[in-house]
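In what follows, a single structure is set out as structure tokens and then discussed.
Chains as they are written, first to last, in this note's numbering: chain A, 365 to 509; chain B, 416 to 640; chain C, 1394 to 1596.
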């Protein structure tokens, strides 16, 4: 019995789409419908349109190990290398090496990066950190060519 | 025709399975006072929800699954697997952590994977503990409970309704349905079936053990870190 | 000649219960309908529509279509706010008990979605008055409800990937909300049950 009701409901939905019998809409309905449709369109564009920034931090360590983290969330990542533990830190959309057991610590001094293609590395400890992905700025540049 | 025979055999098998589950449900419900069981279920759910160690959570999940099966509820492992895979897949979409596998453009990362598995286990575990501890005999208290009980009575009437709902006359038919269910003065107000109090203490003991075990696991999980 | 009073052929049917007697009075328009009774009846239809909705295959099994909110939409003009909220709770708690999911995230989604839908629908109705129809009310309720459920899904189950289904869900809210609103508009205008439940009509 309930199966029949389910099919009826589907029928009803199909027929409703076809016939709009004596629309009883009132003045405020239209702006509401338009606003909600705009909301749906906007969310579709922003989620599916590839306009957002999806930047990622990719860390390569010794032995081909790889780690991936989103750039937009603060995080501290200890990476093991032959010399010890390198501390990679993601902070407010930037990534940098906070500490490393290498003698010169040039990697720490190298500062932070945040754009795709940029990188920092601690070569003595075999830690290579780069920023990957695309952002809306990127798309504009690609279009300029 | 062979297909008719097969359909009949299938129907018989389903009916037999339903009867077996009903028997199990009867035995299970006879053990527990509904309120005790639901209160225990609530407490266990909290301990389960906050359990930090995934392995312990998985053990609890297995226990809930077993309890739900023992209680005669229909358990669809296929649905559980499907939903769990969906949750894990959704969590894998944003890669986080050490890369475990790379299948073309798809990355399977460690942290995302365990997050997804944890969320799936939590989600399905809560579903099963609910199934095992929320039983039909449960009466809610107070005026709210009496309204819910009356709603159940009306619901039974809706299910029993013999009239038809045709799309062409949908509004009239729906109206007739509502009037018939509401005005049904002929049918006596069926009092909701009172759950019989359990005959022994076994149910209380089992419930207490379940609660204690879940909290012991919670303590172990928290302290073990 | 002796005139004998003919014996009555049928004894008058005594009402089975006070509630049935009360409903008989409502049928004849003598008494305003009991709010608890209307709430219980609409709650029962929420269960019924939830059962129907459960059978419609969906890719995401625990995020609801919102058909089961139709009785709540109808109740916007039938019940005062306290009973209106009781109806929403009856729907959530009743369905959670029927399906044995009270402690799970499913009930959480149901609670959040239904309460948000109910509150938004109520507010829309009160703010819009005569200038808004059930369509506007229903669309606002459905879209708000689905938005809340997506946010919950992101926090609790899916993680950041939940935003990928957000446009689909908001779109579904718009469509089902509009369809339910059209149904409600026509139904409230033509239904005899609705007229009685709002205390408007006589026999």
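Here a beta-carbon is modelled for each residue, glycine too, at the ideal position from N, C-alpha and C.
Could you pull out every residue in the same chain whose Cβ sits closer than 8 Å to the Cβ of residue i, ignoring the five residues on either side in sequence?
i: residue 456 of chain B; result: 544, 545, 547, 548, 549
i: residue 449 of chain B; result: 550, 552, 553, 554, 610
i: residue 536 of chain B; result: 469, 472, 473, 476, 499
i: residue 453 of chain B; result: 548, 549, 550, 553
Can you check DSSP and say which residues form a bridge with residue i?
i: residue 1573 of chain C; result: Partner(s): none; residue 1573 of chain C has no beta bridge.
i: residue 463 of chain A; result: A:451
i: residue 441 of chain A; result: A:452
i: residue 433 of chain A; result: A:421
i: residue 485 of chain A; result: A:492
i: residue 477 of chain A; result: A:459
Between the options, which lies nearest to residue i when the distance is taken from Cα to Cα?
i: residue 418 of chain A; options: C:1553, C:1582, C:1578, C:1587; result: C:1553
i: residue 478 of chain A; options: A:467, A:487, A:460; result: A:460
i: residue 1473 of chain C; options: C:1497, C:1516, C:1543, C:1528; result: C:1516
i: residue 573 of chain A; options: B:513, B:579, B:556; result: Summary: the structure shown does not reach residue 573 of chain A, with chain A confined to residues 365 through 509, and so no result is reported for it.
i: residue 471 of chain A; options: A:456, A:457, A:487, A:482; result: A:487
i: residue 403 of chain A; options: C:1432, C:1561, C:1520; result: C:1561
i: residue 1460 of chain C; options: C:1436, C:1478, C:1476, C:1429; result: C:1436
i: residue 1584 of chain C; options: B:621, B:589, B:575; result: B:589
i: residue 1550 of chain C; options: B:451, B:461, B:530; result: B:530
i: residue 1440 of chain C; options: C:1431, C:1478, C:1492; result: C:1492
i: residue 447 of chain B; options: B:631, B:496, B:613, B:639; result: B:613
i: residue 1463 of chain C; options: C:1446, C:1475, C:1450, C:1541; result: C:1446
i: residue 1526 of chain C; options: C:1547, C:1543, C:1469, C:1544; result: C:1469
i: residue 450 of chain A; options: A:484, A:434, A:437; result: A:484
i: residue 434 of chain B; options: B:559, B:488, B:464; result: B:488
i: residue 576 of chain B; options: B:501, B:566, B:595; result: B:595
i: residue 1486 of chain C; options: B:465, B:560, B:636; result: B:560
i: residue 373 of chain A; options: C:1430, C:1449, C:1495; result: C:1449
Would you please verify whether the beta carbon of residue i is less than 8 Å from any beta carbon of chain C?
i: residue 433 of chain A; result: no
i: residue 549 of chain B; result: yes
i: residue 589 of chain B; result: yes
i: residue 536 of chain B; result: no
i: residue 596 of chain B; result: yes
i: residue 419 of chain A; result: no
i: residue 472 of chain B; result: no
i: residue 427 of chain B; result: no
Within 8 Å of any Cβ in chain B, is that where the Cβ of residue i sits?
i: residue 369 of chain A; result: yes
i: residue 388 of chain A; result: no
i: residue 372 of chain A; result: yes
i: residue 440 of chain A; result: no
i: residue 384 of chain A; result: Bear in mind that the predicted position of residue 384 of chain A carries a pLDDT of just 46, short of 50, making it too unreliable to give a figure here.
i: residue 1528 of chain C; result: no
i: residue 426 of chain A; result: no
i: residue 453 of chain A; result: no
i: residue 1477 of chain C; result: no
i: residue 1499 of chain C; result: yes
Going by beta carbon distance, what residues of the same chain come within less than 7 Å of residue i, once the five residues before and after it are set aside?
i: residue 523 of chain B; result: 507, 515, 516
i: residue 1536 of chain C; result: 1563, 1566, 1567, 1570
i: residue 426 of chain A; result: 445, 446, 490
i: residue 1481 of chain C; result: 1465, 1507, 1508, 1511
i: residue 508 of chain A; result: Confidence at residue 508 of chain A is low in this model, with a pLDDT of 44, below 50, so its placement is unreliable and no value can be given for it.
i: residue 516 of chain A; result: Since the first residue of chain A shown is 365 and the last is 509, residue 516 of chain A is not available in this structure.
i: residue 617 of chain B; result: 446
i: residue 601 of chain B; result: Bear in mind that the predicted position of residue 601 of chain B carries a pLDDT of just 44, short of 50, making it too unreliable to give a figure here.
Within the same chain, show all residues whose beta-carbon is closer than 6 Å to that of residue i, passing over the 5 residues directly before and after it, in chain order.
i: residue 542 of chain B; result: none
i: residue 563 of chain B; result: 555
i: residue 1576 of chain C; result: none
i: residue 1531 of chain C; result: 1466, 1570, 1573, 1574
i: residue 1476 of chain C; result: 1428, 1432
i: residue 391 of chain A; result: none
So, does the CB of residue i fall closer than 8 Å to a CB anywhere in chain A?
i: residue 1556 of chain C; result: yes
i: residue 1516 of chain C; result: no
i: residue 1448 of chain C; result: yes
i: residue 1464 of chain C; result: no
i: residue 512 of chain B; result: yes
i: residue 532 of chain B; result: no
i: residue 1444 of chain C; result: yes
i: residue 582 of chain B; result: yes
Below 7 Å, is the gap between the Cβ of residue i and the nearest heavy atom of the ligand MN?
i: residue 497 of chain A; result: For the ligand MN, the structure offers nothing, since it holds no ligand at all.
Go through the segment 1440-1515 of chain C residue by residue and report every complete run of the alpha helix (DSSP H) that reaches 4 residues or more, in order. Taken in chain order, the complete alpha helix (DSSP H) segments of 4 or more residues contained in the segment 1440-1515 of chain C are 1463-1468, 1474-1491.
At what residue ranges does the segment 422-497 of chain B contain a whole run of the alpha helix (DSSP H), taking only runs of 4 or more? The alpha helix (DSSP H) runs of length 4 or more contained entirely in the segment 422-497 of chain B are, from start to end of the chain, 449-464, 469-485.
Alpha helix (DSSP H) runs contained entirely in the segment 500-580 of chain B, provided each spans 4 or more residues: Whole alpha helix (DSSP H) segments, 4+ residues: 525-548, 557-575.
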